[in-house]
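Asks: Residue numbers for the sequence shown follow the numbering used here, beginning at 845 and rising by one.
Where is the CB? At the ideal position from N, CA and C, for every residue including glycine.
Below: one structure in C-alpha cells.
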Amino acid sequence: MQSPHSTPNLLIEETSPYLLQHAYNPVEWYPWGEAALQLAIDLNKPILVSIGYAACHWCHVMERESFEDLATAKIMNENFINIKIDREERPDLDHIYMDAVQAMTGSGGWPLNVFLTPDKKPFYGGTYFPPEPMHNRASWKDVLLGVSKGFKENRDQIDAQAQKLTQHLLSSNGFGSQHNNTQVGPALSDMDAAVSALLTQADTVWGGFGGAPKFPQTASIRFLLRYHYFNPTHKASLEQALLCLDKMIEGGIYDQLGGGFSRYSTDAQWLAPHFEKMLYDNALLVITLSEAYQITKKESYHKAIRETLAFVENELMDADGGFYSALDADSEGVEGKFYTWAASEITSLLQNDAPLFMSFYGVTETGNWEHTNILHTPQEAEVVAQSFGISVTDLLQTITKCNVVLMQERNKRIRPQTDDKQLLGWNALMNTAFSKAYAATGNKNYLKRAQINMAHLFERFKNSNEQGWFHTYKNGHAKTPAFLDDYAYLIEALIQLQMVSGDLHLLEKAGAITDYVNDHFMESETGFYFYTHDAQTDVILRKKEVYDGATPSGNAVMASNLHHLGVVYGKDKYLSLSKQTCLSLLPAITKHPGSFGVWALSLIHISEPTRRS
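Spelled out as C-alpha cells, the structure:
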C-alpha cells in the first residue's frame, strides 16, 4: 500500500468528514454533481460510485487497501469517472444504488461500490472488495479491469443490463401495497397476528430478534410495549420487549463507562459491537427506554437514559444545541481500541479493586474479544456482591469509583473521529428523544435541551428564500434539499415537543410543514410519499420507502403524524390519508412486523378510540 497523495482531489472542497477522509487519495474522486456526470457523458466513460460514511469500519479498510494504492488508483483514474458519496448526505442515492446491488448480488452493505452507465443507470456492483482474491471474492483490481473491459467490448449488453435493472427498480417501487377503498378500520385483534409473527423471531434468552448480527430494532420493541399497554394480559409481549432492553444495557453494545449505544452487535449476546456510535440509534433507544420506564419505573432504564443523553450532550452536541452525526468505530486504525481494555491495564489502574471490577464487567486475563476486553455486565450485582462478601451498595460504590478512574484514563487516549455534520432528520429524532425523556423522568433540563435544539433547527436548516428545508448543515452552511425522512421526523418532533411544553405554535408549524410535504412529496394516487422532492432532478427515479430499517420509514412516521394532526385539528382528510396507507399495508404489517414496526404502532392508535377529555 502506498502513502496518500500530497495533492488533494476535488473532495477537498466538501464539508462531509467522510468525503474529506478521501480528499488525499490518489484516486481522482469527484463529488456527486453535474460536473462529474457531464464528464462521464462527454468522455463516454462508466461511472464508479463509491458510497460509505465516516464511522464505517470496512470503508476505512477498503480505503487503506485500495483507494490509497497508486497502482489501483491508476486503473480507476484511466477507466472511470470516480464519484464518492457520503450516504448520510445523499440517502436518496444510497437507497437507489443499494437496491440495485441487492438485486444483483442478494446482499448489501458499506462500502457500496456500484458501476453506472454515463446516464447514471447501474449495471454492476458489490460492497467490500479485497486487494487480492480471497474467500471466493474477486480482488478490487480484477473487478475494475473486468468491468472496464466489458464496458468497452460489450457495450450493448451493458446498456441492456442497466436498462433492465433500472426497470426492475421502477417496478419494485410499488412494493405490493393493496388499495383499500373501505372505511373500516383495523381492530386491536388485527395486531395479534403481528405480535405472534414477531415473537416467533424473538431470541427469548438473549433478547432481540433473530441471530447475529443483531440490531436494536427499536420499532419492534416499542410495538410490543404499546401492544401490551392496550392488551395487558399478554405478558409475553412485555417480557420480550424488556428482555431486549435489559440485554442490550448489560452488553458491550452499551458503553458501560461513557454511556450511549453502538450501532449493532456482531454476536447474539450483544457483547461485541461494531463500535461506531450513531446519533439516530441513541435517539431511538432513548425513546424506547423512556416508554419502557413509563411502564415499569425500572431504575436501570432511567440510568441508561441519563447516561446516554449525557453522552450525547458531551460528545455529539455543538455550542448552538445542534447534534453531530456519529463517532467513528476506529481510532489509531484499530476498531474499538478507544473502548477496550487489557486486564493488565485494569490491574495497574485499580490495584486492590481490580478483581471486583473485573468480575463485575466480565474481564478476563486472556480477553473476551480479540485478546482484549469489552466491558459488559454478565452477572447480576447481587451475585457479584455475594461472591465477594460485600453488600450491593458497597459493590456499586466501588464500581462507580473505579469507573471514574478508567474514564480518566480513557480520556487520555486518541479519540475516534467525530462526524460533525448535522442532519435535519437525525437532529429531529434526538429532539423527540429529549421530549420523551422529559415526559418519562420529569427532568426539566431535557425539555430545555429540546427547545434549544428546535430553535437551532429553524435557524440553521430552514430555507430562508423558500418554504422548504435543507438536509445537512456544517460550518455555517446548509445544503441539499431535505428528504421525506427529514420532514417526517421534524413534524414528529414538533408534535412531541408541543405535547410536553404546551406551546401551540409548535403544532401550527407541524401542520404547515405537513401541508408542504403533501404538496411536494405525495403520490396522489396512493397517498404514499416519495423520498425526494418533486423538484429534484438528479436521480434516475423517485423511490417510495415503506420499510423500517435502521431508522423509521418516513411514510410510516407521516402516517402517525397525519393521524395525530387529524385528531387535534379535526381534519378528516388527514385521518383518511393515514388510514388509507396503513390499511393498504396491513397484510405486510401483520406478516412481517419486524420490517413494519412503526406502521404497527400507527395501526394500534387507529384501532383504538381516541380518548377526549
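(1) Can you say whether S1231 is buried or exposed, counting buried as having 16 or more other CB atoms within 10 angstroms of its CB?
(2) Figure out for me which residue from S1397, N1158 and K1353 has the closest Cα to the Cα of F1167.
(3) In angstroms with no decimal places, state the Cα-to-Cα distance between E1310 and H1377.
(4) I need the straight-line Cα distance from R1304 to N923, nearest angstrom please.
(5) Beta-carbon within less than 6 angstroms of A1403's beta-carbon, same chain only, minus the 5 sequence neighbours each way: which residues are those?
(6) Output yes or no for whether 8 angstroms exceeds the beta carbon distance between V958 and A947.
(7) Please report the distance separating the alpha-carbon of L1295 from that of T1285.
(8) Where does Y1108 sit, in a helix, a strand or coil, going by DSSP?
(9) Going straight from the alpha carbon of R1293 to that of D1347, what length do you get?
(10) What residues match up with L892 in a beta bridge as DSSP calls it?
(11) Among G1054, K1079 and T1191, which residue has its Cα nearest to the Cα of S1109?
(12) Which residue's Cα is closest to the Cα of H1396: F1365, K1353, Y1333 and F1302?
(13) Using only the alpha-carbon positions, how far apart do F1302 and V1442 sit?
(14) Whole angstroms are fine: how far does the CA of Q882 sit from the CA of A1337?
(15) Compare the C-alpha of M1122 against each of F1059, G1095, P955 and G1398 and name the closest.
(16) Smallest Cα separation from I927: which of A915, A1041, H939 and E878?
(17) Across the region 1218-1227 and the region 1086-1102, are there enough close Cβ pairs to call them in contact, namely three or more that are closer than 8 angstroms?
(18) Give the DSSP-derived three-state secondary structure of G969 in the structure shown.
(19) For the alpha helix (DSSP H) holding A1322, just list the boundary residues, first then last.
(20) To the nearest angstrom, report how far apart L1089 and E1367 are at their CA atoms.
(21) Rounding to the nearest angstrom, what Cα-Cα distance links A1112 and Y1124 in this structure?
(22) Identify every residue that forms a DSSP beta bridge with Q1266.
(23) So, for T961: in the same chain, excluding its five sequence neighbours on each side, which residues have a beta-carbon less than 7 angstroms away from its beta-carbon?
(24) My assumption, with CB atoms under 8 angstroms, is that D1164 sits in contact with H1300. Please give the rounded CB distance.
(25) What would DSSP say about W954, mapped onto helix, strand or coil?
(26) Can you give the Cα-Cα distance for L1193 and K964, rounded to whole angstroms?
(27) Determine the extent of the beta strand (DSSP E) in which P875 is found, giving its start and end residues.
(28) What's the gap between the Cα of T933 and the Cα of W1313?
(29) Would you tell me roughly how many angstroms separate the C-alpha atoms of G1233 and V1227, rounded to the nearest one?
(30) Less than 7 angstroms between C-beta atoms, sequence neighbours within five positions excluded: which residues of the same chain meet that for T1080?
(31) Name the residue from I885, I1339 and L892 whose alpha carbon lies nearest to the alpha carbon of P875.
(32) Counting only the same chain and skipping the five closest in sequence on each side, list residues whose C-beta sits under 7 angstroms from that of M1202.
(33) How many angstroms separate the CA atom of L1475 from the CA atom of G1410?
(34) Taking the alpha-carbon positions, what's the T1210 to I1218 distance?
(35) When the cut-off is 8 angstroms and only beta carbons count, does W1213 lie next to chain D?
(36) Flag this pair as yes or no: are the beta carbons of W984 and L1115 separated by less than 8 angstroms?
Replies: Reading from the atomic positions:
(1) With fewer than 16 Cβ atoms within 10 Å of its Cβ, S1231 is classed as exposed.
(2) Of the residues S1397, N1158 and K1353, the one whose Cα lies closest to the Cα of F1167 is N1158.
(3) In this structure, the alpha-carbon of E1310 lies about 13 angstroms from that of H1377.
(4) The straight-line gap from Cα to Cα measures roughly 40 angstroms.
(5) Excluding residues within five positions, the ones whose Cβ falls inside 6 angstroms are S1422, T1425, C1426 and S1446.
(6) No, these two residues do not count as a Cβ contact at 8 angstroms.
(7) Inspection of the sequence shows that residue 1295 is occupied by Gln rather than by Leu. Straight across, the Cα-Cα distance linking Q1295 with T1285 is about 17 angstroms.
(8) Strand, per DSSP.
(9) R1293 and D1347: Cα-Cα distance of roughly 15 angstroms.
(10) L892 is bridged to N926 and F959.
(11) Closest by alpha carbon: G1054.
(12) For the record, residue 1396 in the displayed sequence is Pro; it is not His. Minimum Cα-Cα distance from P1396 among the listed residues F1365, K1353, Y1333 and F1302 corresponds to Y1333.
(13) Distance between the alpha carbons of F1302 and V1442: 26 angstroms.
(14) Answer to the nearest angstrom: the Cα atoms are 39 angstroms apart.
(15) Of F1059, G1095, P955 and G1398, the residue nearest in Cα terms is F1059.
(16) For I927, the nearest C-alpha among the options comes from E878.
(17) Enough Cβ pairs lie closer than 8 angstroms, so yes.
(18) In this structure, G969 counts as strand in the three-state DSSP scheme.
(19) If you look at A1322, you'll find it isn't in any alpha helix (DSSP H); it sits in the beta strand (DSSP E) that goes H1321 to P1325.
(20) Taking the straight line joining both Cα atoms gives about 37 angstroms.
(21) Whole-angstrom Cα-Cα distance: 22 angstroms.
(22) Partner(s): Y1317.
(23) Cβ-Cβ distances below 7 angstroms link T961 to P890, F967, I1002, D1003 and A1006 in the same chain, with the five nearest sequence neighbours on each side left out; the list follows chain order.
(24) Taking C-beta atoms under 8 angstroms as the contact rule, D1164 and H1300 qualify, at a distance of about 5 angstroms.
(25) Reduced to three states, the DSSP call for W954 is coil.
(26) When only Cα atoms are considered, L1193 and K964 end up about 56 angstroms apart.
(27) Counting along the chain, the beta strand (DSSP E) containing P875 begins and ends at W873 to P875.
(28) Contrary to the premise, residue 933 reads as Glu rather than Thr in this sequence. Roughly 14 angstroms separates the two Cα atoms.
(29) G1233 and V1227 have their alpha carbons spaced roughly 10 angstroms apart.
(30) Just to set this straight, residue 1080 is Ala in the shown sequence, not Thr. Cβ neighbours of A1080 beyond the five flanking positions: L1043.
(31) Of I885, I1339 and L892, the smallest CA-CA separation from P875 is found for L892.
(32) Setting aside the 5 residues that flank it on each side, M1202 is surrounded in the same chain by A1187 and I1190, each with a C-beta closer than 7 angstroms to its C-beta; the list follows chain order.
(33) Because the chain in this structure spans residues 845 to 1457, residue 1475 falls outside the shown range and cannot be described.
(34) About 12 angstroms.
(35) No chain D is present in this structure, which holds just one protein chain.
(36) A distance of 8 angstroms or more separates the beta carbons of W984 and L1115.
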